[in-house]
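Trainee: Residues 3 to 727 in my numbering are what the sequence shown lists, from first letter to last. For every residue, glycine included, the Cβ atom is placed at its ideal position computed from N, Cα and C. Only a predicted model underlies this, so the values are computations on that prediction, with no experimental measurement involved.
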Amino acid sequence: MTLEEKLGQLVQRAGGRSKALNSRLDDAELERVRAGGVGSYLHVAGAEPLGRLQKVAVEESRLGIPLLFAMDVVHGYRTIFPVPLALASTWSPESEERASRIAAEEATAAGLHWTFAPMIDIARDPRWGRIVEGAGEDPYLGARMAVAQVNGYQGGNTPRPGSLMATAKHFGAYGAAIGGRDYNSADISERTLQEVYLPPFYAAARAGSGSFMVAFNDIAGVPTTANRELLRGTLRERWGWQGLMVSDWGAIGELINHGVAADRAAAASLALDASVDMDMVGGVFAEDLKAVISKDPARLRQLDEAVLRILRVKEQLGLFDKPMQYHDAEREARELLAPDHREAARVVARQSIVLLKNEGRLLPLDATKLRSIAVIGALATDGLSELGSWRAQGKAEDVVTVLKGITAAAPDLKITSAPGADPRNGDLTAIPAALKIARAADLTILMIGEDFDQSGESRSRSSLELPPSQMELARRVLALGKPVVVLLANGRPLAIQELAEQAPVIVETWMLGVEAGNAVADVLFGKYSPAGRLPAAFPRVTGATPFNYSANATGRPADPDLGKDTVRYHDLPITPLFAFGHGLSYGEFRYSDLAQSTQSVAPGERIDISITVENTGGATGDEVVQLYVRDPVASVARPVLELRGFKRIELGAGQRKRVTFSLTPEQLAFWSPRGQWLVEAGRIDFWVGASSADLRASGSFEISKTHMGTAPAAALPTRVIVSGN
Ligand code: BGC
């Protein structure tokens, strides 16, 4: 390979402008491909157009190296599933994997080899708009969902012929942006980095994610794109991961803005040295590495390594042997929006719904006792918003909106609707018309929140309150004093204290994808008992953020008594509005007979913790059984609670199941001040319950011997066995 051909492999170009896919693939672009100047395209799609482009690369360039086609297929390709924060609310890695698999089937049928997903950044500040793209605040839940997605996309633990290569992003602490302002610095301790932000990445690396994407931001002043220690040291050398590392959009050039590179050549040199292989869109590697290499031949070896890693994934994907296998237009037509994909989207969407509050058990609705329903809110007819901010090839017209879903589910009821107010603007003039139909109806379903463009990349907000028009609409509808069910649509936890005081029923629907309306109707009319759980807490007010259930123990633990000087705000209760893991059901579940297999566990051994869960309600429903732990005396302060196991189980009326969590001492390891995973001897307390704030049974055991841990503790999976009829 010539130097130019090597550099060409490092180049990823945008094949389309923003969401206008393929729009840049003109003759000049084909010439670049013929000359071997491109390794990959993003923002492209379509079996046929990409097949033509691939043919040029394979048949008309000197070396015939195939191109890699990439896109952000984040929660579906054409069949759009719930946004990732909603998928995480299922607490079902199986459902997450299924959604990713279907996305991969559609995307690969449409000519794509590579998705920039899963986004596995832990997010503890809901002001950060990108919290919607991940699995929320917890590293254990985040790690399980990361693995599920990698498996779903790739169909196994390496990219393989015909599969969609996954990207674990954005390595390593993008979600820790100070103040939740997107792209901002992360100024976190080494322990927080290792214990909170890195575990999902370790889990994704172990699951064989073919690529990683580097975060835009810096950690304690070291921009990640130039972070040799983290990228080369931790990820590649210590974790042994050898996949393709792609920069984020233009991020290599941004090293100049960060103030660690004087010019593009210096930026290119830093990124290559850190082991970034591919330059997304920036053109810095292509244009400026040559000069670097002529001055510093050591960089040539690093360039060769980068090229090799790119060629290796192309080989793993089968592109050298069968470059045209992703370009079957008939398969594409068959796969996109296939009926079984839609059906899966409905199943997963209803699993994502979280019942936050159900005072007086207003839900489920009994359609036989109602004559009319008013559906109020602009979001109830906003199909585009149900698709979220990453919608790949999703189309608004594919969406069953909430209004459509309710109308279809209740053909005998009179359904009226009015927008009332739009979350985007402060126009309140349509509210009176909405109140008029609410007055005339037996019940109002009020859908309020954020639209698709109020969360996502660069959509951080300083306020977590509902947009003012939405809260005003809610106040006035609730003031009518008639039965109201509030549906929330949003991409982040919101501070809805006032709403929660006034509204008897609140259902969190996030943004649920193409089957949103059917899923919501299934829950409202009791066809499905909701069982989603919050993957991130809802604060009472914006100023209570960041709040995390898993905070370290302090010298003055928060006490509800205001007279005491403890770690709390004087103007707020010490609890969040809705806790991590919270979610109600139409059923009732009783926890009993906690048992443990041993009192003391040694290195290499396991402890089994078992509990019986019984559905004492009258209908089938799911329960999410959660296991939390605490190390009460260690050489460093440990979190007051940490999730270390969970299982979503289905129980018929009166049915019981026994759930056994099997843990190893290494899952209690912490990052020691010496920079190692350490498991200390001593007592461990544990709780089993229905949320981080609803712990039903507890026990403790001893770890018999201090020893080294092997890996980020939260990344290690707890085995769960479910038995019973
Ligand atoms: C985002 C990435 C995304 C990339 C390509 C960037 O702005 O940060 O998450 O994969 O664009 O669309």
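Helix, strand or coil for D561? Go by DSSP, reduced to three states.
Mentor: Residue numbering aside, residue 561 sits at position 559 when the sequence shown is read from its first letter. In the structure shown, D561 sits in coil (DSSP, three-state: anything other than H, G, I, E or B).
Trainee: So what does DSSP say about A106, is it helix, strand or coil?
Mentor: Within the sequence shown, numbered from 1, the residue matching residue 106 stands at position 104. In this structure, A106 counts as helix in the three-state DSSP scheme.
Trainee: How about D610 and S594: do their beta carbons lie closer than 7 Å?
Mentor: Reading the sequence shown from its first residue, position 608 is the one you call residue 610. Reading the sequence shown from its first residue, position 592 is the one you call residue 594. In this structure, S594 does not lie closer than 7 Å to D610 by Cβ.
Trainee: Run the proximity test for D184: is its beta-carbon closer than 6 Å to any non-hydrogen atom belonging to the ligand FAD?
Mentor: The ligand content of the structure shown is limited to the ligand BGC, which means the ligand FAD is not among them.
Trainee: If we count the other Cβ atoms within 10 Å of its Cβ and call it buried at 16 or more, is E345 buried or exposed?
Mentor: Sequence index remark: in the sequence shown, residue 345 carries index 343 (1-based). That one is exposed.
Trainee: Can A109 and A49 be called in contact, C-beta distance under 7 Å?
Mentor: On the sequence shown, position 107 is the one that residue 109 refers to. On the sequence shown, position 47 is the one that residue 49 refers to. Contact flag unset, no.
Trainee: Using a 10 Å radius around the Cβ and a threshold of 16 neighbouring Cβ atoms, would you call Y571 buried or exposed?
Mentor: Numbered from its first residue, the sequence shown carries residue 571 at position 569. Y571 is exposed by the Cβ-count criterion.
Trainee: The ligand BGC and D281: does any heavy atom of the ligand fall closer than 6 Å to the residue's C-beta?
Mentor: The count along the sequence shown starts at 1 and reaches residue 281 at position 279. D281 Cβ: outside cutoff for every heavy atom of the ligand BGC.
Trainee: Which first and last residues belong to the alpha helix (DSSP H) in which G407 is found?
Mentor: Within the sequence shown, numbered from 1, the residue matching residue 407 stands at position 405. First-last of the alpha helix (DSSP H) with G407: V404 to A411.
Trainee: Compute the beta-carbon to beta-carbon distance between S693 and G565, rounded to the nearest angstrom, for a pair I have assumed lies under 8 Å.
Mentor: Taking the sequence shown and counting its residues from 1, one reaches residue 693 at position 691. Taking the sequence shown and counting its residues from 1, one reaches residue 565 at position 563. With a Cβ gap of about 28 Å, S693 and G565 do not count as contacting.
Trainee: D74: buried (16+ other C-beta within 10 angstroms of its C-beta) or exposed?
Mentor: As a first step, residue 74 is located in the sequence shown; it is residue number 72 there, counting from the start. D74 comes out buried.
Trainee: Kindly indicate which residue of K171, P225, S213 and R183 has the alpha-carbon position closest to the one of Y199.
Mentor: As a working mapping, residue 199 is identified with position 197 in the sequence shown. Closest by alpha carbon: K171.
Trainee: Can you name the residues that DSSP bridges to S725?
Mentor: Counting from 1 along the sequence shown, the entry for residue 725 is found at position 723. Its beta-bridge partners are R660.
Trainee: For the stretch 119-189, list the alpha helix (DSSP H) runs that are entirely contained and at least 4 residues long, ordered along the chain.
Mentor: You should have 141-156.
Trainee: List the residues that DSSP assigns as beta-bridge partners of M513.
Mentor: Residue 513 sits at position 511 when you count from the first residue of the sequence shown. Looking at the DSSP assignment, M513 forms no beta bridge with any residue, so it has no partner.
Trainee: Would you call M710 buried or exposed, if buried means 16 or more other Cβ atoms sit within 10 Å of its Cβ?
Mentor: Counting from 1 along the sequence shown, the entry for residue 710 is found at position 708. Its Cβ having fewer than 16 others within 10 Å, M710 is exposed.
Trainee: So, at 8 Å on beta carbons, what are the nonlocal neighbours of E192 in its own chain, with the 5 sequence-adjacent residues on each side left out?
Mentor: Here residue 192 is taken as the residue at index 190 of the sequence shown, counted from 1. Here the set comprises W673 and G677.
Trainee: Using 8 Å as the cut-off, can you tell me whether the stretch 426-434 makes contact with the stretch 525-544, which would need three or more C-beta pairs spanning the two stretches below that distance?
Mentor: Not touching, per the Cβ criterion.
Trainee: Going by DSSP, which residues form a beta bridge with M247?
Mentor: For this step, residue 247 is matched to residue 245 along the sequence shown. Note: M247 sits in a beta bridge opposite F214.
Trainee: I'd like to confirm the pairing. Which residues does DSSP put opposite F71 in its beta bridges?
Mentor: Sequence index remark: in the sequence shown, residue 71 carries index 69 (1-based). Note: F71 sits in a beta bridge opposite Y43.
Trainee: Reducing DSSP to helix, strand and coil, say where F287 ends up.
Mentor: The residue you call residue 287 lines up with position 285 of the sequence shown. It is helical.
Trainee: So what does DSSP say about S706, is it helix, strand or coil?
Mentor: Within the sequence shown, the letter at position 704 stands for residue 706. Of the three classes helix, strand and coil, the one that applies to S706 here is coil, per DSSP.
Trainee: So, using beta-carbon positions, are L496 and L466 closer together than 7 Å?
Mentor: In the sequence shown, residue 496 corresponds to position 494, counting from 1. In the sequence shown, residue 466 corresponds to position 464, counting from 1. Closer than 7 Å, so yes.
Trainee: Going by the beta-carbon positions, is the gap between L405 and T370 smaller than 7 Å?
Mentor: Your numbering for residue 405 matches position 403 in the sequence shown. Your numbering for residue 370 matches position 368 in the sequence shown. For L405 and T370, no; Cβs fall outside 7 Å.
Trainee: Below 6 Å CB to CB, which residues in the same chain sit around K649 once its five sequence neighbours on both sides are set aside?
Mentor: Looking up residue 649 in the sequence shown gives position 647. Excluding sequence neighbours, K649 sits near V627, V661 and V722.
Trainee: Restricting to Cα atoms, I'd like to know which of Q669, D624, P641 and G701 is closest to T720.
Mentor: Residue numbering aside, residue 720 sits at position 718 when the sequence shown is read from its first letter. Nearest option by C-alpha distance: Q669.
Trainee: Please indicate yes or no: does the CB of D250 lie closer than 6 Å to some heavy atom of the ligand BGC?
Mentor: On the sequence shown, residue 250 is found 248 positions in, with the first residue counted as 1. Yes, the Cβ of D250 comes within 6 Å of a heavy atom of the ligand BGC.
Trainee: Check whether the stretch 502-512 and the stretch 455-472 touch, using three or more Cβ-Cβ pairs below 8 Å as the test.
Mentor: No: fewer than three Cβ pairs fall under 8 Å.
Trainee: Could I get the ranges of all uninterrupted beta strand (DSSP E) runs contained in the stretch 478-560, with 3 residues as the minimum, in chain order?
Mentor: Whole beta strand (DSSP E) segments, 3+ residues: 486-491 and 507-510.
Trainee: Rounded to a whole number of angstroms, what is the C-alpha to C-alpha distance between G285 and A533?
Mentor: Mapped onto the sequence shown, residue 285 falls at position 283. Mapped onto the sequence shown, residue 533 falls at position 531. Those two C-alpha atoms are separated by around 47 Å.
Trainee: For S706, which residues of its own chain have a beta-carbon under 7 Å away from its beta-carbon, when the five flanking residues on both sides are left out?
Mentor: Position 704 of the sequence shown, counting from 1, holds the residue named residue 706. For S706, where only same-chain residues beyond five positions count, the Cβ hits under 7 Å are S602, V603, A604 and A683.
Trainee: For I180, count neighbouring Cβ atoms within 10 angstroms of its own Cβ and tell me buried if that reaches 16, exposed if not.
Mentor: Working through the sequence shown from its first residue, we reach residue 180 at position 178. By the 10 Å Cβ count, I180 comes out exposed.
Trainee: Taking 7 Å as the threshold (C-beta atoms), are G245 and S213 in contact?
Mentor: One-based indexing of the sequence shown puts residue 213 at position 211. One-based indexing of the sequence shown puts residue 245 at position 243. Result yes, Cβ atoms of S213 and G245 sit closer than 7 Å.
Trainee: Express the C-alpha separation of K8 and D265 in angstroms, rounding to a whole number.
Mentor: Taking the first residue of the sequence shown as 1, we reach residue 265 at position 263. Taking the first residue of the sequence shown as 1, we reach residue 8 at position 6. Cα-Cα distance, rounded: 22 Å.
Trainee: The beta strand (DSSP E) spanning A692 covers which residue range?
Mentor: One-based indexing of the sequence shown puts residue 692 at position 690. A692 -> beta strand (DSSP E) spans G684 to S693.
Trainee: Apart from the five residues on each side of it in sequence, which residues of its chain come closer than 7 Å, Cβ to Cβ, to E337?
Mentor: One-based indexing of the sequence shown puts residue 337 at position 335. Taken in chain order, the residues that qualify are E107, E108 and A111.
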